[in-house]
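Novice: Taking the working numbering, the leading residue of the sequence shown gets -6, the next gets one more, and so forth.
Note that CB positions come from ideal geometry on N, CA and C, so glycine has one too.
Okay, handing you the structure first.
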Amino acid sequence: MMYRRSQRGIARLTTIVIGVILAVGGTSAATKPADCVQPPVKGSRWTWAQGARVSVTIDPEFIDIPGGYQALVEALRRWESAGSGDGNGSGVTFDVLDFGAAPPVGATLRISRGTLRTGGQARVSLWSASGSIVRASCVIDERVTNPLALLQVAVHEIGHTFGLAECDECEYRSSVMTRSSGVDYNDTTSGAGWPSACDNAAVRENGGY
């Protein structure tokens, strides 16, 4: 897994905050339970090509949130880890670019901060070509300021880039695709920290990995 520090000063994030982020959600399970409830899928056109190397730009505003930038990088790492052969098999990797760097030609993902007038913690937009996603843009509402909430929101939105839709039938924490409770931008009780075995099964089947 390849990540480059995007700017000096990121190291000022505290060990306590990072430790909390890393501890939540367990690990990405590889074996699908018999009673698995998989999230709905959008079709193979709306996921990354197998083995895609995605260039990621993260807005520097997230550094202003203690642990915020690290939470987003960790969310990317968790999906990358889930792409192994005993996970969802996507083989997708995420390269975080330095601030201000122009992304190279190829698959790209931008994570930015803003205000969503339509409500919700975040929104992702996808562009597809030649049967797979080539560009994705995720806007996380500026009212999400808890690093753990940021992690869960980012893991959820990245799930959309793997072809997963909202899972209203999934129990809280059983899938990264459950919806927020809707009453708190910093809700940490509804989401999950890692793609579950059910999530991985849905990604593998949807993408044909």
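Terminal residues of the continuous beta strand (DSSP E) containing Trp120?
Specialist: 115 to 122
Novice: Nearest CA to the CA of Ile58: which residue from Asn193, Thr182, Asn139, Val30?
Specialist: Asn139
Novice: Once you ignore the five residues that flank Lys25 on each side, which residues in its own chain have a CB closer than 7 Å to its CB?
Specialist: Ala190, Cys191, Ala194
Novice: DSSP on Arg71, reduced to helix/strand/coil?
Specialist: helix
Novice: Please go through the same chain and pick out, in chain order, the residues whose beta-carbon is closer than 6 Å to the beta-carbon of Leu147, but skip the five residues on each side of it.
Specialist: Note on identity: in this sequence residue 147 is Ala, with Leu being the wrong assignment. In its chain, beyond the 5 residues on either side, Leu65, Ala68 have a beta carbon closer than 6 Å to the beta carbon of Ala147.
Novice: Buried or exposed, going by whether 16 or more other CB atoms sit within 10 Å of the CB of Gly152?
Specialist: buried
Novice: If you drop the 5 nearest sequence neighbours on each side, which residues of the same chain put their C-beta closer than 6 Å to that of Arg46?
Specialist: Excluding positions up to five away in sequence, the list reads Thr86.
Novice: According to the neighbour-count rule (16 or more other Cβ atoms, all chains shown, within 10 Å of its Cβ), is Ala100 buried or exposed?
Specialist: With 16 or more other CB atoms across the displayed protein chains lying within 10 angstroms of its CB, Ala100 is buried.
Novice: Got a sec: does the ligand SAM put a non-hydrogen atom nearer than 7 Å to the Cβ of Gln145?
Specialist: Only the bare structure without any ligand can be found here, which leaves the ligand SAM out of the picture.
Novice: If you measure between the beta carbons of Val49 and Asp88, is that distance less than 8 Å?
Specialist: yes
Novice: Would the beta-carbon of Val34 fall within 8 Å of that of Ala185?
Specialist: no
Novice: Please report the straight-line C-alpha distance between Thr111 and Gln145, rounded to a whole angstrom.
Specialist: 20 Å
Novice: Which class does Asp134 belong to by DSSP, given the choice of helix, strand or coil?
Specialist: strand
Novice: So, is Ala16 buried or exposed, given that buried needs 16 or more other C-beta atoms within 10 angstroms?
Specialist: Any reading at Ala16 is ruled out, since the residue's pLDDT is 48, under 50, leaving its predicted position unreliable.
Novice: Ordered along the chain, which non-local residues of its own chain (more than five positions away) have a Cβ less than 7 Å from that of Pro97?
Specialist: Ser48
Novice: Using CA atoms only, rank isn't needed, just tell me which of Phe155, Arg172, Ser37, Gly113 is closest to Leu102.
Specialist: Closest by alpha carbon: Phe155.
Novice: Can you list, in chain order, the residues of its chain with a C-beta nearer than 6 Å to that of Ser130? Leave out the 5 residues immediately preceding and following it.
Specialist: Arg103, Ser118
Novice: Please classify Ala27: is it buried, with 16 or more other beta-carbons within 10 angstroms of its beta-carbon, or exposed?
Specialist: exposed
Novice: So what does DSSP say about Ile104, is it helix, strand or coil?
Specialist: strand
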